[in-house]
Each structure stands twice: as C-alpha cells, then as structure tokens.
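Read the structure below first, then the notes.
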Amino acid sequence: NSRTPSTVAPETEKKRRDPLDEVAAYTYQEPDPELLPDPTYMAHMQTDITPAIRRQLVEWLYQVGCELGFHQETLHLSVNYIDRILSRVPIARSRLQLLGITCAFIACKLEEYAPPSTH
1 NSRTPSTVAP
11 ETEKKRRDPL
21 DEVAAYTYQE
31 PDPELLPDPT
41 YMAHMQTDIT
51 PAIRRQLVEW
61 LYQVGCELGF
71 HQETLHLSVN
81 YIDRILSRVP
91 IARSRLQLLG
101 ITCAFIACKL
111 EEYAPPSTH
C-alpha cells in the first residue's frame, strides 16, 4: 500500500502564502493614522509636561527595562503607548511615572516571553 506524493494544482499553490511573506507585509504596511501619536501634542495637549520631563521618563523606563531584561521592542512599544496617550489626554506631571510603568507593563504582556508579575 504505497502512497505516491500528490501533486498540487498550480492554482492551489498560488493560494498558499509563506508566513514570512505575511510578516514582512505586516511589518512594512503603512501605520494606521489613528494609532500614531500627534507629533505636536506637547504644544497642544500637555500643559504640565515638557519634552525634558518626557525624556526623563523615557530614560527611567530604559533603566528599568535594562534591569528587568526587557527586549528593545518592549521599550519602544512602551514609549509609543505613552506618546499615543499623551497626544490625546492631558496628564498631570505627578501621574506620568504611573502612566509610564503601566504602558511598559502592557507592552511586556505583548512582547516578553515571561512578563514581570505585579506581585
């Protein structure tokens, strides 16, 4: 009862997509404008936060991320989340660190194999 390899019709072969092609297509697609932060948010949305304060937050998150062994992608996604929120919601300076660590925690859930526990 020997089996011969079946041949695949050319039209079926065309329908199959290489997973790497799908990843590349997703990676290089134009970002959804709704997901991009407003580049002028510091001037128009934030009254209590300056670019220097934002930079301090990003540097602090980088230190925390290095200490905990986060991937670079996690840190980049964290900053993206921070900027997206800051471009839409006024945040008090006293709440900025809480926003930063919350964004980092959410990014960890998506990017890290073993995200840190909240306990």
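Every letter in the sequence shown is one number past the one before it in UniProt numbering, and letter 14, counting from 1, is 14. Built from N, CA and C at the ideal position, the CB exists for glycine as well. The structure presented is a predicted model; accordingly, all values stated were derived computationally and were not measured.
Going by beta-carbon coordinates alone, are residue i and residue j separated by less than 9 Å?
{"i": "Ala104", "j": "Ser78", "result": "yes"}
{"i": "Asp38", "j": "Arg88", "result": "yes"}
{"i": "Leu36", "j": "Arg84", "result": "yes"}
{"i": "Leu86", "j": "Gln46", "result": "yes"}
Give me the Cα-Cα distance between residue i and residue j, rounded to the nearest whole angstrom.
{"i": "Pro116", "j": "Asn80", "result": "20 Å"}
{"i": "Pro33", "j": "Ile82", "result": "16 Å"}
{"i": "Glu112", "j": "Gln72", "result": "10 Å"}
{"i": "Leu98", "j": "Ile49", "result": "14 Å"}
{"i": "Asp18", "j": "Gly69", "result": "32 Å"}
{"i": "Val23", "j": "Arg55", "result": "32 Å"}
{"i": "Ile91", "j": "Thr40", "result": "15 Å"}
{"i": "Glu67", "j": "Ile53", "result": "21 Å"}
Quick one, which of the options has its alpha-carbon nearest residue i's?
{"i": "Ile101", "options": "Ile49, Gln63, Tyr28, Pro90", "result": "Gln63"}
Would you give the residue range spanned by the alpha helix (DSSP H) that residue i belongs to?
{"i": "Thr50", "result": "That residue, Thr50, is in no alpha helix (DSSP H); it is neither H nor E in DSSP."}
{"i": "Asp83", "result": "72–86"}
{"i": "Gly100", "result": "96–111"}
{"i": "Tyr41", "result": "41–44"}
Problem - Sufficient close CB pairs (3 or more, under 8 Å) joining the stretch 107–116 to the stretch 66–78 - result: yes
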